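Read through the structure below, which is laid out as structure tokens, and then see the notes.
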Amino acid sequence: MGELLPGDIHLQLLDQYGNVTQKMTPECVEHVKVKGEDLDSSSLSVSWQESSQDVVVTGVRFRSGRPGPRELTFNLRTFVEQVKVMVTAGPPTKLQLLSGPPQVTGHLN
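Positions 1 to 109 (UniProt numbering) are the ones given, in order, by the sequence shown.
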């Protein structure tokens, strides 16, 4: 959490048989919406990649929460696709004492 997803997410349009179509254009970038619980949209970037003729999503980061699966939803006009991302714990940032020695009490005889 709080760290950027190390890879890029590539979006392509497929036909009913799973073949990549050539219907994706640079203008599609304006219509791509990315949603997810605790998704930090300020770091999100959607761009066109000319060499592969697809849309690339970078800067995926989640604000907070527990480690575990998160679902990202990608919308392009009437098309919707979802992907699960496994969020794992990052490098340690603080030390927290969960339990300590019992309270010392004084006894007078």
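Each residue gets a CB set at the ideal place from its N, CA and C atoms; glycine is no exception.
Remember, it's a predicted structure, so these values are computed and weren't measured experimentally.
In the DSSP assignment, the residues bridged to glutamine 49 are Asp54. Contact annotation: leucine 72 and glycine 18 have beta-carbon atoms that are not nearer than 8 Å. In this model, lysine 23 and glutamine 49 are separated by some 14 Å (Cα to Cα). Per DSSP, the continuous beta strand (DSSP E) segment holding asparagine 75 begins and ends at 68–76.
Proximity to aspartate 8 across Cys28, Thr25 and Arg61 peaks at Arg61, based on C-alpha coordinates.
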